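*Asks:*
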Amino acid sequence: MAHPIKEEKTFVLIKPDGVRKGLIGEVIKRFEQRDLKIVALEMFMPTRQMIDDHYPKDPAWIERLGMKTLSTYEKYGIDAKKELGSNDAKELGNMVRGWLLDFMTSAPLVRMVVQGTHAVDVVRKIAGPTLPYAADMGTIRGDFSIDSPALANSEKRAVANIVHCSETPEEAAHEIKHWFGKAVIHQYKRHGVDE
Ligand code: ADP
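Sequential numbering from 1 applies to the sequence shown in full-length UniProt numbering.
Okay, structure coming up:
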């Protein structure tokens, strides 16, 4: 009988850059080698609407997205107003959100549900922080991307960082419902982990 603590589930999307760099196997391998198990998995081509429904629309989330641009621009002495026409975090956040929709619909994605002990936190740790140029080596984002908002935004695009993974168990439950709906989430015993 699996202990309830081992049954935490999280949601992961392999983004267009991860798929196009041939990293599907590598990403899955890193979760599996940490004793997490894949309990649902599918490649699909998303619609813009699906991605629009996935990313939050609340003003605080959008402003936080813009702040990420502003803080790297400040760090590297780039004038956001000159380069992007605004230095307002909300405006920049909306701009970035639009680029994110373009990026996320530029190739097929791989969606999965990952289950295991503290799956939400452990998967985020394996993925590494949002901005790859600042991510430690040994994380997916640190090992396979070097992208930064300063570079991405100057090219009018979202930061390419290989994977999306839920941030909290509540967000995971919401995203699993959004992306898998009534699809079956499988159950099996991981050898050496569940038995
Ligand atoms: P995470 O994906 O780590 O949860 P966020 O929720 O903050 O990160 O951002 C969602 C996604 O938006 C990021 O994964 C990244 O692809 C993109 N992104 C975040 N901040 C920026 C930015 N300043 N400029 C461009 N793209 C960004």
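Glycine included, each C-beta is placed from N, C-alpha and C at the ideal position.
No experiment lies behind these values; they were computed from the predicted model shown.
DSSP three-state label for residue 202, please.
*Replies:* There is no way to answer for residue 202, as the model of the chain reaches only from 1 to 195.
*Asks:* Beta-carbon within less than 6 angstroms of N87's beta-carbon, same chain only, minus the 5 sequence neighbours each way: which residues are those?
*Replies:* Excluding residues within five positions, the ones whose Cβ falls inside 6 angstroms are A80 and K81.
*Asks:* Out of curiosity, what's the CA-to-CA distance linking R48 and A107?
*Replies:* R48 and A107: Cα-Cα distance of roughly 12 angstroms.
*Asks:* Pull up the DSSP beta-bridge partners for T10, would you.
*Replies:* DSSP, once it has assigned bridges, lists V114 as partnering T10.
*Asks:* For the alpha helix (DSSP H) that contains K125, what are its first and last residues?
*Replies:* Taken as a continuous stretch (DSSP letters only), the alpha helix (DSSP H) holding K125 covers A119 to A127.
*Asks:* Can you round the beta-carbon distance between W179 and R111 to whole angstroms, since I take them to be within the 8 angstroms contact cut?
*Replies:* Confirmed, about 5 angstroms.
*Asks:* Provide the residue span of the beta strand (DSSP E) that contains I38, from first to last.
*Replies:* That run of the beta strand (DSSP E) goes K37 to F44.
*Asks:* May I ask you to report which of helix, strand or coil DSSP gives H164?
*Replies:* Strand.
*Asks:* Could you tell me the distance, in whole angstroms, from the CA atom of Y73 to the CA atom of Y188?
*Replies:* Their backbone Cα atoms lie some 47 angstroms apart in a straight line.
*Asks:* Quick one: grab the DSSP three-state call for L23.
*Replies:* Reduced to three states, the DSSP call for L23 is coil.
*Asks:* Are N161 and R190 closer than 8 angstroms when you measure CB to CB?
*Replies:* Going by C-beta atoms, N161 is not nearer than 8 angstroms to R190.
*Asks:* Are the beta-carbon atoms belonging to M104 and P46 less than 8 angstroms from one another?
*Replies:* Cβ atoms of M104 and P46: closer than 8 angstroms.
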